[in-house]
Each structure stands twice: as structure tokens, then as C-alpha cells.
Amino acid sequence: MSKSPSLFGKALKGATDFAAGIAVFGVLLVVLLQVSSRLFGFPVSWTEEATRYLFVWMIFLGLAAGFRTVETARVTVLIAMMPSIIRRLSVPIYVLSSVVFFVLTGWTGYHLVQQQLMMNETAATLAIPMWLIGTIMPLSSILAVLAIVESLRTRRALMELPDPLQGMPELILAESATPKPEKQP
Amino acid sequence: MSLVLLALFLIMSALGVPLAVALGLASVAAILFFTSTPIDLLAQSMFSAMNSFLLVAVPLFILVGVLMERGRVAEKLFDFAEAIVGWLPGGLGHVNVASSVIFGGVSGSSVADIASIGAIEIKAMERHGFPKGYAVGMTLCTSTLSSIIPPSILIVIAGSIANASIGTLLVAGLMPGLFIALMLMVFNHVYAVRHGYNPPTPFNVRKVVTTGIAAILPMLTPVILLVGIVDGYFTPTEAAAIAVLYTLFLSVILYGTISLAELPGIFVETARTSGTILFIAATAKLAAWVFTYDGLPAQVATFLSAISTGPTMALVLIFLFLIVVGMFMDAIAAMFILIPVLLPPAVSLGVDPIHFLIVMVITLTLGLVTPPVGVCLFAVAQVAKMSIEDVIKGSLAPMSILVAAILALVLFPQLTLTPIRLLGLY
Numbered sequence: 096m097s098k099s100p101s102l103f104g105k106a107l108k109g110a111t112d113f114a115a116g117i118a119v120f121g122v123l124l125v126v127l128l129q130v131s132s133r134l135f136g137f138p139v140s141w142t143e144e145a146t147r148y149l150f151v152w153m154i155f156l157g158l159a160a161g162f163r164t165v166e167t168a169r170v171t172v173l174i175a176m177m178p179s180i181i182r183r184l185s186v187p188i189y190v191l192s193s194v195v196f197f198v199l200t201g202w203t204g205y206h207l208v209q210q211q212l213m214m215n216e217t218a219a220t221l222a223i224p225m226w227l228i229g230t231i232m233p234l235s236s237i238l239a240v241l242a243i244v245e246s247l248r249t250r251r252a253l254m255e256l257p258d259p260l261q262g263m264p265e266l267i268l269a270e271s272a273t274p275k276p277e278k279q280p
Numbered sequence: 049m050s051l052v053l054l055a056l057f058l059i060m061s062a063l064g065v066p067l068a069v070a071l072g073l074a075s076v077a078a079i080l081f082f083t084s085t086p087i088d089l090l091a092q093s094m095f096s097a098m099n100s101f102l103l104v105a106v107p108l109f110i111l112v113g114v115l116m117e118r119g120r121v122a123e124k125l126f127d128f129a130e131a132i133v134g135w136l137p138g139g140l141g142h143v144n145v146a147s148s149v150i151f152g153g154v155s156g157s158s159v160a161d162i163a164s165i166g167a168i169e170i171k172a173m174e175r176h177g178f179p180k181g182y183a184v185g186m187t188l189c190t191s192t193l194s195s196i197i198p199p200s201i202l203i204v205i206a207g208s209i210a211n212a213s214i215g216t217l218l219v220a221g222l223m224p225g226l227f228i229a230l231m232l233m234v235f236n237h238v239y240a241v242r243h244g245y246n247p248p249t250p251f252n253v254r255k256v257v258t259t260g261i262a263a264i265l266p267m268l269t270p271v272i273l274l275v276g277i278v279d280g281y282f283t284p285t286e287a288a289a290i291a292v293l294y295t296l297f298l299s300v301i302l303y304g305t306i307s308l309a310e311l312p313g314i315f316v317e318t319a320r321t322s323g324t325i326l327f328i329a330a331t332a333k334l335a336a337w338v339f340t341y342d343g344l345p346a347q348v349a350t351f352l353s354a355i356s357t358g359p360t361m362a363l364v365l366i367f368l369f370l371i372v373v374g375m376f377m378d379a380i381a382a383m384f385i386l387i388p389v390l391l392p393p394a395v396s397l398g399v400d401p402i403h404f405l406i407v408m409v410i411t412l413t414l415g416l417v418t419p420p421v422g423v424c425l426f427a428v429a430q431v432a433k434m435s436i437e438d439v440i441k442g443s444l445a446p447m448s449i450l451v452a453a454i455l456a457l458v459l460f461p462q463l464t465l466t467p468i469r470l471l472g473l474y
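Those protein sequences? They're chains A and B, same order as listed.
So in the numbering used here the end of the first sequence lands on 280, straight run, no missing numbers.
So in the numbering used here the end of the second sequence lands on 474, straight run, no missing numbers.
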């Protein structure tokens, strides 16, 4: 059973969700601006680049949010068939592997940002510094690690009880019809 | 090197490590053990994988699907499908197929098909005398059509991985989708007539017109998309944004089934779903780098040419391999890992790339309905409140037709390629 998120969890959710939602809305607006401006004969040059960068932010924020709700795709059927001693290790395996991965991503992402700063890279048409875009790599890694820690407290059951429905990306589309409450009494 | 990567990936996946994490860690391990390349490549490749305008179509199509589901258009589509094919012998079985074809044209997701329209289809078939097992089996098999009929999210992803024209691929998916639908309808006709299920009812023009008027606006979504892309008015990503605008107009303004206050939540959900789905794309780029560095596509090409006599046999072997892969791995993850490995060797053996990608998507959709990880299988069992075993029993017959239809698509590339050639797209 899920537990109510802590104040920290609520703040994490609020910040990540707000930014991710804004990014989706931004992508939609910019793509619509791109197509309408072209069809009406005054094409705007920066829209393609702006769309890509908003998309990068959206995806990395979205994947961090996915770890908070333990929705990331994984195969749980095989571990469910293993001896109970291995099944009991499912939570440590999930947490440890994911945290190690995001520490690596965060570290290498930090190097990427350093490199972008050092090279003074700027976007071709928007002329904004590329580190503004690249910062999402270490930032989303930190958010993902925090989300894993929070989910360990609030949604541990989803990690330890293999459920064939859980973790399949396509299912999330279907689940949208019946939104899953973040908080249960 | 590639084999070590694959072995590590499979071991970690079996232990329940998230697929994208398993692929990323296995790739990093392979790079550290076998090359002197710095692991900074991890963040660089993940960043560049997502820095793609083509992939932007994925969250926009997801948003269209969510808006259509929340907008409660499924019943309108089902009523229209019932009016146009419900009068045929085996009527409600045909309605099941037709409604999935129509719903596929507005959603692009198989599980969304079951969640939105599955319960309606099963109840209606039972009410008309079909056994529940058969109704559930047909609903399960017809759900695959949503992943094939444009706009298919899987096809958009396949096109962006292969760097192929997404517009051409989307149109190329239409005929195979309709072919599979036709095969399922022929099977349903024979089955229903033999068992005396659902005797035909008179054709009612008035019902066709009234239900058609109610369903016409949602059904225009795929038309807007395809015409726009084929006629070159907009790119697939732009078409997806236009489709979002259109579905927003339908669900928020015209039907009033979604309030403005719900939209921020829908946007957040879209971001989370997209991030979850495309996370594997980010790490797969690093795995693809390892495979290319190691020359895996060339090794697979050598192996395939040694054991096959031509493109057809090579594609049949790949088809059999993909059925097994699809049973154990998520379709999107499998595409990101296998397209860079299998497409170049298949093309070098004479397989058409568009045909290959369509066959790959359709074959991997079989994994959605087969045990042990068929997400549609579990979804339909939940919707129908049946055990997995009973669902499998009920779906064996339509599933065999599904496999036979896909095999026909493998053997006859003309079914996929002729329409896009006639339209001048290829």
C-alpha cells in the first residue's frame, strides 16, 4: 500500500511536475507556432531548436518523475519465479542499480555542462548558452535519486511485489483513463 | 564486447533492474572493460539521443491518446462500428474488429484500446450470445491493430530510430493493419456461422447516419494527420501538434468532457509517460554505439547470409526471433536495441527497409498479447475479470490467425509496399 508523500516528497513532486508540465505545453505551443507561421508565409527560424531543447528538458524531468511513481519499465515476471531469497533482494537490486546509474549520469552530465561552459557553446539560432540545456542532465539525475528515495518510503510495495502490469510503458497510456492518486489515506 | 553487454543486460533485466538502467549500466561496463573511451560518453549519448525533432512526435501522439480517452469518444466510435458491420453474420465479432481499427486511428496504443473500448466490446459480444472466452480473445487480438493503424506510436518510434520517413512508415502501416483486420473478420465469420452465434440483424441506414454523425469528428483525426503528412503540409511532429489542437477542440470545447482545470494534470502525465517510455531510447543510443564499435551488425549480416538463402528467408528468421524477443521484452526497448543491429544486415541481404520496420513493429506487437509479459493480456484479463489461463484459452484461435496474417505480411512485401508506391511516397 502507498504511504502519503512527505513534505519533501510533495515539494519534489510539485517542482518536477510543474516544470515537466510547462515543458509539454511549451513544446505544443512552439510546434504549433512553427507550422502556423510557415503556412501563413512568415516562417520563424528558432522554433525547431526551441522544440528540441524543451523536449530534452521534458523527457529528463519526465523520467525522474517516473521513478517517483515506480513506473519505469522493467521485467518482474522472472524475478517473481526465483527463490524467495532472491525475491527479497528485489528492492535493494532496484534501488542500488538505479542510484548507481543516476550517480554515473549525474557525474558525466556535470562534465558535459563543464565542457559546454569551457567551450562557450551556444545554440545555433536561439543563441542561448548550451549549458542551460545541458544542466538538465545532472539536475534530472539528482531529481531521479531523490525520487527513488521518496518512492522507497511511499511506494515500496510496487518495488517488492512483482506485478506483471507494473512497469509496462504502454499501460501508462491506458492508466491515464483512471488516474492513479498520488496520495492514499 | 557486444555479447558481454547483452549478457549483462539480460541478467540485470531478469533481476528486475529497470530495462533502461540495465542497458545503460551494461553499456558502461562494456565500454570500461573493452575500450579506452571515457565514460563521459554516457551523458553525451543520452543527451544527443533526446535532441531529436522527430521524437517530439511521440509525446504529442501520447497527448492525443490521453485526450481521446478522457474525452470519452470510445462509445461513439463503437456505436458507429456496430452500425456499419453489425448486420453481417457474426456481427458483434466484426464490430469488435472494426471499432479497434477506428479507435486505432485516434489513439495509437493497444492498451489504450483495451482500457477504453475493451469492456464495451466484451459485454456487447456476450449480450449477443458469444462465449466470454471468445469475446475476450477477439478483444485481445484486435487490440494489436491500434499499434499498427496510423497514428501508431510504435511506428513513429521505429521510424525515428531507423532515420526513415515517418510519414511513409505511418501510411505503410495502414494496409497491413487493414489486412490483419480482414483476416480476423473472415475468421470471425466462419467461427460465428459454424457455431450459430449472433445471427444477422437488418442493415439500418438511419443508424449508420446518426452514429456516423456522432463519430465523424473524432474519426477525422487520422484523416487530418495522413492527408497533412502525405500532401506535405506538415511534418509528422507538426501533424501530431495539429492533432493535439484538434482533440483539445473536441474534448474541451465541443463535447465539454475535459475541463480546462484538468489540462495541467494531463500535460504532467504526458511528460511522465513520455519520459518513462523514452528513457530506454536515451540509454539505447550508448548500446548502439557499442554495437557499432564492435561491428555487431556486420557479424549478424554474415551469420544471416550463412544460414539463409535470400531476403525472404532472412526476414522469416528475423520474424521468428522477434516473436521470442517480444514475449520477454517491452516492444519499445526491443526496437531501440534491435533496429540498429538487425536493419543494416537485413537491408544488405535485400530486405526492403520499410517492409522490415513494419514487420518488426507488427511482430513485436504480438508480445503485447502473449505470456509471460503481454501487457494487453493482463489488461484484458483485468477488464474481463478472467484468469490469465482462461484468456489464453479463449484467444488461441484468433491468435493463430493473427500469427498467420503477420507471416503473410512477411512473405508478401507487396501488401505493405504497393500502397505507398501507388501514392508516390516510396
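Yeah, the Cβ is synthetic: ideal placement off N, Cα and C, and Gly gets one too.
* Asked: Can you tell me whether Gln211 (chain A) is buried or exposed, with buried defined as 16 or more other CB within 10 angstroms of its CB?
  -> Along the first sequence, read from residue 1 onward, the residue named residue 211 (chain A) stands at position 116. Buried is the call here.
* **Partner residues on chain A for Gly323 (chain B), Cβ-Cβ distance less than 8 angstroms** => The sequence position of residue 323 (chain B) within the second sequence is 275, counting from 1. Within 8 angstroms of the CB of Gly323 (chain B), the CB atoms of chain A belong to Ala115, Met153, Ile154, Phe155, Leu156, Gly157, Leu158, Ala159, Ala160, Gly161, in sequence order along the chain.
* **Within chain B, partners of Gly204 (chain A) - CB distance below 7 angstroms** => As a first step, residue 204 (chain A) is located in the first sequence; it is residue number 109 there, counting from the start. By Cβ distance, chain B contributes Ala91.
* What are the boundary residues of the alpha helix (DSSP H) that Lys124 (chain B) is part of? -> The residue you call residue 124 (chain B) lines up with position 76 of the second sequence. Segment 122-133, the alpha helix (DSSP H) holding Lys124 (chain B).
* 7 angstroms Cβ cut-off: residues of chain A touching Asp438 (chain B) -> Reading the second sequence from its first residue, position 390 is the one you call residue 438 (chain B). By Cβ distance, chain A contributes nothing, its closest Cβ being about 16 angstroms from Asp438 (chain B), past 7 angstroms.
* Would you say Gly64 (chain B) reaches chain A, if we count a Cβ-Cβ gap shorter than 9 angstroms as a contact? -> What you label residue 64 (chain B) is simply residue 16 of the second sequence in a count that begins at 1. It does: the Cβ of Gly64 (chain B) has a partner Cβ on chain A nearer than 9 angstroms.
* Report the option in B:Leu416, B:Ile366, B:Ile59 whose CA atom is closest to the CA atom of Phe351 (chain B). => One-based indexing of the second sequence puts residue 351 (chain B) at position 303. The shortest Cα separation from Phe351 (chain B) among B:Leu416, B:Ile366, B:Ile59 belongs to B:Ile366.
* **Contact with chain B by Ala106 (chain A), beta-carbon distance below 9 angstroms** => Along the first sequence, read from residue 1 onward, the residue named residue 106 (chain A) stands at position 11. So, not an interface residue.
* Asked: For Gly156 (chain B), does the count of other Cβ atoms within 10 angstroms reach 16, so buried, or fall short, so exposed?
  -> Counting from 1 along the second sequence, the entry for residue 156 (chain B) is found at position 108. Per the 10 Å Cβ criterion, buried.
* **Three-state class that DSSP yields for Pro178 (chain A) in the structure shown** => Against the first sequence, residue 178 (chain A) aligns to sequence position 83. Pro178 (chain A) sits in coil when the DSSP states are folded into three classes, being neither helix nor strand.
* Asked: Would you say the stretch 371-390 of chain B touches the stretch 398-409 of chain B, given that touching needs at least three Cβ pairs under 8 angstroms?
  -> As far as the Cβ criterion goes, the stretch 371-390 of chain B touches the stretch 398-409 of chain B, which means the pair count is three or higher.
* Asked: Should Val240 (chain A) be flagged as near chain B, meaning a C-beta pair shorter than 9 angstroms?
  -> Numbered from 1 along the first sequence, position 145 holds the residue referred to as residue 240 (chain A). No, Val240 (chain A) lies away from the interface with chain B (no Cβ there is under 9 angstroms from its Cβ).
* **Which listed residue (B:Gly221, B:Gly153, B:Met186, B:Arg175) has its alpha carbon closest to that of Gly166 (chain B)** => By one-based count along the second sequence, residue 166 (chain B) stands at place 118. When only C-alpha atoms are compared, the closest one is B:Met186.
* Asked: Should Ile201 (chain B) go down as buried or exposed, given a rule of 16 or more other Cβ atoms within 10 Å for buried?
  -> The residue labelled residue 201 (chain B) in the question sits at position 153 within the second sequence. Around the beta carbon of Ile201 (chain B), 16 or more other beta carbons lie within 10 angstroms, which makes this residue buried.
* To do: Would you mind telling me which residues of chain A sit closer than 9 angstroms to Asn99 (chain B), beta carbon to beta carbon, in chain order?
  => Working through the second sequence from its first residue, we reach residue 99 (chain B) at position 51. The contact set of Asn99 (chain B) on chain A, defined by CB atoms closer than 9 angstroms, consists of Arg147, Tyr148, Phe150, Val151, Ile228 in chain order.
* Minimum Cβ-Cβ distance from Ile214 (chain B) to chain E less than 9 angstroms -> No chain E is part of this structure, whose protein chains are labelled A and B.
* DSSP three-state assignment for Pro199 (chain B), whether helix, strand or coil -> One-based indexing of the second sequence puts residue 199 (chain B) at position 151. Of the three classes helix, strand and coil, the one that applies to Pro199 (chain B) here is coil, per DSSP.
* Name the chain A residues whose beta carbon is nearer than 9 angstroms to that of Met60 (chain B)? -> Residue numbering aside, residue 60 (chain B) sits at position 12 when the second sequence is read from its first letter. Simply Ile188, Ser192.
* Asked: Roughly how many angstroms separate the alpha carbons of Lys180 (chain B) and Cys189 (chain B), rounded to a whole number?
  -> By one-based count along the second sequence, residue 180 (chain B) stands at place 132. By one-based count along the second sequence, residue 189 (chain B) stands at place 141. One C-alpha to the other measures close to 14 angstroms.
* Check whether the Cβ of Pro257 (chain A) lies closer than 9 angstroms to any Cβ atom in chain B. => Position 162 of the first sequence holds residue 257 (chain A). Note that Pro257 (chain A) scores 48 on pLDDT, short of 50, meaning its location in the model is unreliable; the coordinates nonetheless yield the value given after this. Yes, its Cβ sits closer than 9 angstroms to a Cβ of chain B.
* Cβ-based neighbour list, Leu102 (chain B), same chain, cut-off 6 angstroms, excluding 5 preceding and 5 following -> By 1-based counting over the second sequence, the position of residue 102 (chain B) is 54. By the criterion of a C-beta distance shorter than 6 angstroms, Leu102 (chain B) is surrounded in its chain by Ser208, once the five residues flanking it on both sides are discounted.
* Could you list the residues in the stretch 284-299 of chain B with a C-beta less than 7 angstroms from some C-beta on chain A, going in chain order? => Along the stretch 284-299 of chain B, the positions whose C-beta sits under 7 angstroms from a C-beta of chain A are Thr285, Glu286, Ala289, Ile290, Val292, Leu293, read in chain order.
* Thr51 (chain A) - DSSP class collapsed to helix/strand/coil -> Limits of chain A in this structure are 96 at one end and 280 at the other, which puts residue 51 (chain A) out of reach.
* Beta-carbon spacing of Pro312 (chain B), Val121 (chain B) below 9 angstroms -> Locating residue 312 (chain B) in the second sequence gives position 264, counting from the first residue. Locating residue 121 (chain B) in the second sequence gives position 73, counting from the first residue. The answer is no: Cβ separation not under 9 angstroms.
* **Contact set for Ala453 (chain B): own chain, Cβ-Cβ below 6 angstroms, skip 5 residues either direction** => Position 405 of the second sequence, counted from the start, is the residue given in the question as residue 453 (chain B). For Ala453 (chain B), where only same-chain residues beyond five positions count, the Cβ hits under 6 angstroms are Ile228, Met231.
* For Met60 (chain B), does the count of other Cβ atoms within 10 angstroms reach 16, so buried, or fall short, so exposed? -> One-based indexing of the second sequence puts residue 60 (chain B) at position 12. Per the 10 Å Cβ criterion, buried.
* Specify whether the stretch 133-142 of chain A and the stretch 333-346 of chain B touch according to this definition: at least 3 beta carbon pairs, one from each stretch, less than 8 angstroms apart. => Contact between the stretch 133-142 of chain A and the stretch 333-346 of chain B is absent: fewer than 3 CB-CB pairs across the two stretches fall below 8 angstroms.
* To do: Give the range of the alpha helix (DSSP H) segment to which Tyr239 (chain B) is assigned.
  => Indexing the second sequence from 1 puts residue 239 (chain B) at position 191. Run containing Tyr239 (chain B): 214-243, per the alpha helix (DSSP H) assignment.
* To do: Grab me the residues of Thr360 (chain B)'s own chain with a C-beta within less than 7 angstroms of its C-beta, minus the 5 sequence neighbours each way, in chain order.
  => Here residue 360 (chain B) refers to the residue found at position 312 of the second sequence. Taken in chain order, the residues that qualify are Leu459.
* **Identity of the residue in B:Asn246, B:Asp400, B:Ile440, B:Leu71 nearest Leu416 (chain B) by Cα** => For the purposes of this step, residue 416 (chain B) is taken as the residue at position 368 of the second sequence. Nearest of B:Asn246, B:Asp400, B:Ile440, B:Leu71 to Leu416 (chain B), Cα basis: B:Ile440.
* To do: Can you give me the Cβ contacts of Met377 (chain B) inside the same chain, cut-off strictly under 6 angstroms, excluding the 5 residues immediately before and after it?
  => Along the second sequence, one-based indexing puts residue 377 (chain B) at 329. No residues qualify anywhere along the chain.
* Asked: So the alpha helix (DSSP H) Thr192 (chain B) belongs to, where does it begin and stop?
  -> Within the second sequence, numbered from 1, the residue matching residue 192 (chain B) stands at position 144. Segment: none, Thr192 (chain B) is in no alpha helix (DSSP H) and carries neither H nor E.
* Among B:Asn211, B:Ala91, B:Val431, which has the Cα closest to the Cα of Ala163 (chain B)? -> Counted from its first residue, the second sequence places residue 163 (chain B) at position 115. Of B:Asn211, B:Ala91, B:Val431, the smallest CA-CA separation from Ala163 (chain B) is found for B:Val431.
* Asked: Given Ile237 (chain A), which residues of its chain have a CB within under 7 angstroms of its CB, disregarding the five upstream and five downstream residues?
  -> What you label residue 237 (chain A) is simply residue 142 of the first sequence in a count that begins at 1. When the five nearest sequence neighbours on each side are left out, the beta carbons in the same chain lying within less than 7 angstroms of the beta carbon of Ile237 (chain A) are those of Gly201, in order along the chain.
* Asked: So which of B:Asp279, B:Val184, B:Asp127, B:Leu90 has the shortest CA-CA distance to Leu199 (chain A)?
  -> Working through the first sequence from its first residue, we reach residue 199 (chain A) at position 104. With distances taken between Cα atoms, Leu199 (chain A) lies closest to B:Leu90.
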